[in-house]
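Residue numbers (full-length UniProt numbering): 1 to 196. Just so it is clear, CB atoms sit at the ideal spot from N, CA and C, and this is done for glycine as well.
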């Protein structure tokens, strides 16, 4: 089981949300079992789910337990530390919004992040790689890799260790990796980040 908050803190990164959300007993934040309210089993700890829920609740202004695309972009900023451009945002939102109603629930978002615990399909990785290869040279930079991982459902895109793995896959030190190196990173390095 991955502990997002602890993983980020161990990596020396600050959380994208206030620390009052890390510990459910601080600042009168009412603790409840979020996992039991989801319609599926999750690999996330209650602490990780609480972070996601509180980031979600900050954007759910009308408290209808749904957020639109604009609010989802703010959720991404709180969670990942930066927003996506309009094309990336639209593609990711459309992928998560299975019922095509223009709204996402917390369950939809957690379900998306659950993908990191499942084997990635080759054609899906290639499709997302091409989406974020902005200059279409068959290579991606570190910041593009972070966006790819987030799009694929990995909640580790802000990990400092990712930079080390990226540099390992960039032997020529051109600050880019091609698709073959990306596949190796996904197969060999990402499992280590998830299990930290």
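- Counting C-beta pairs closer than 8 Å gives three or more between the stretch 103 to 115 and the stretch 43 to 53, which meets the contact rule.
- Annotation for residue 127: the continuous alpha helix (DSSP H) segment containing it runs 122 to 132.
- Under the 8 Å Cβ criterion, the stretch 158 to 168 does not count as touching the stretch 120 to 133, having fewer than three qualifying pairs.
- Linking residue 166 to residue 142 through their CA atoms gives a straight-line distance of about 7 Å.
- Apart from sequence neighbours up to five positions away, the residues of its chain that approach residue 89 with a beta-carbon distance below 7 Å are 69 and 73, ordered along the chain.
- Counting every other CB atom within 10 Å of its CB across the protein chains shown gives residue 127 a total below 16, marking it as exposed.
- Residues of the same chain with a CB within less than 8 Å of the CB of residue 177, apart from the 5 flanking positions on each side, are 139, 140, 145, 166, 169, 170 and 185 in chain order.
- By the beta-carbon neighbour count (other beta carbons within 10 angstroms, threshold 16), residue 87 is exposed.
- The beta-carbon distance between residue 147 and residue 84, rounded to whole angstroms, is 7 Å. This is short enough to meet the 8 Å contact definition.
- Between residue 154 and residue 190, the C-beta gap is smaller than 8 Å, which places the two residues in contact.
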